[in-house]
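Structure first, commentary second.
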Amino acid sequence: LGHHPQKLDQLYSPLMSYLNRHIAGARFELEGSSSFPHFEQKLRSRQLDFALPNPYQATLAMDWGYRIIAQAGDSEDFKGIFIVRKDSAIRVPADLKGKTVAYPAPSALAAGMMPQLWLATQGLNVRGDIENRYVGSQESAILNAYLGEAAVGATWPPPWRAFQKAHPKEASQLRVIWETPSLISNAVMARADLPAELVEQVRSVLIHLHEDSQGRRVLDAMETAHIHAATDANYQVVRHFIADYETRVGPRP
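Numbering-wise (the numbering used here), the sequence shown opens with residue 18 and increments by one.
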């Protein structure tokens with residue numbers, strides 16, 4: 018998900034504890050990855066039992082032996098946003114010609130691919146008119162805009178809200194200048210060879226988290242309002258997005 022390890026632990030350790038308390042006979046441990054490609058390699062080699070990929074990675078993982086059991090968060094929140102300094106001279110997308118845009122990673126969907134497609138719909142040649150810089154994390158993309166190392170930092174709403182809480186002084190000098198349309202939120206996936214009973218237990222716990230105070234605290238830590246039931250079919254919209262991306266931007270990551 019493009020978070021630093023400390024942030025990842027803060028977000029998801031409460032969920033691991035909750036699952037361990039509520040599901041007998043299984044032990045859940047949080048496993049991070051050093052980068053988006055590192056995470057995707059773990060999915061490709063089927064090292065993970067359960068995973069929380071972005072929707073683009075989810076479509077890849079479907080072909081690698083995983084299936085979707087839930088959707089984390091509301092789709093309205095799954096959109097790209099463009100962060101600029103309040104003193105920036107950028108006003109319209111055409112102002113980015115010859116400038117740098119910072120993203121977490123090429124395969125970051127809400128914070129990378131969706132912003133690039135949106136810029137293409139605004140008339141920019143994404144792979145010719147601007148310099149695309151991939152900086153490793155959501156927070157780094159925001160900080161690149163703050164420090165003036167990029168004209169714009171691309172991210173999505175949850176990391177921006179977290180940045181505003183953690184770094185209010187820096188955030189006060191930044192603003193959201195544009196946003197993309199929404200798509201569908203991150204997927205919760207299970208490896209297809211796991212016992213069906215275990216997968217159903219996990220799915221059930223997740224989609225009922227909002228129903229008790231402990232579960233709501235877990236969701237608050239994850240900065241997620243709700244986990245919804247979902248299947249592979251719900252994510253076909255992502256394949257349509259990818260086709261549009263390849264037409265307007267170029268080959269997918």
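Each residue gets a CB set at the ideal place from its N, CA and C atoms; glycine is no exception.
Burial state of residue i, where buried means 16 or more other Cβ atoms lie within 10 Å
| i | result |
| --- | --- |
| T138 | exposed |
| L164 | exposed |
| E57 | buried |
| I85 | buried |
| E217 | exposed |
| S202 | buried |
| A41 | exposed |
| T197 | buried |
| S50 | buried |
| E156 | buried |
| A179 | buried |
| H257 | exposed |
| P70 | buried |
Residue of the options minimising C-alpha distance to residue i
| i | options | result |
| --- | --- | --- |
| E48 | I40, P22, H39, H257 | P22 |
| A168 | G153, R102, H227 | R102 |
| D112 | A75, I194, P185, A41 | I194 |
| Y83 | T241, R269, Q64, E93 | Q64 |
| I147 | T197, P110, S199 | P110 |
| I224 | Q27, D26, L36 | L36 |
| G170 | A75, A125, R234, A183 | A125 |
| A247 | S157, P72, F53 | P72 |
| S34 | L25, E46, V255 | E46 |
| D91 | F180, F258, S199 | S199 |
| Q27 | P270, M239, D229, Q190 | M239 |
| S52 | A250, R208, A122 | A122 |
| H39 | P176, D229, W81 | D229 |
Residues bridged to residue i (per DSSP)
| i | result |
| --- | --- |
| I100 | G170, V193 |
| F67 | A207 |
| H245 | Q88 |
| Y83 | R208 |
| E148 | T117 |
Distance between residue j and residue i (C-alpha atoms, nearest Å)
| i | j | result |
| --- | --- | --- |
| K96 | A127 | 5 Å |
| Y29 | A89 | 12 Å |
| R265 | L211 | 39 Å |
| L32 | A87 | 15 Å |
| V143 | M79 | 28 Å |
| S154 | N161 | 11 Å |
| R233 | A242 | 8 Å |
Within-9 Å CB hit, residue i to chain C
| i | result |
| --- | --- |
| A260 | Although the question refers to chain C, the structure presented lacks it and comprises just one protein chain. |
Nearest-angstrom Cβ-Cβ length linking residue i and residue j, presumed shorter than 8 Å
| i | j | result |
| --- | --- | --- |
| I244 | V205 | 7 Å |
| Y274 | P132 | Outside the modelled stretch of the chain, which goes from 18 to 270, sits residue 274, for which no answer is possible. |
| A68 | L60 | 6 Å |
| P174 | I98 | 6 Å |
Residue i: CB within 8 Å of a non-hydrogen atom of the ligand ZN
| i | result |
| --- | --- |
| W195 | In the structure shown, the ligand ZN is absent, as is every other ligand, since no ligand is present at all. |
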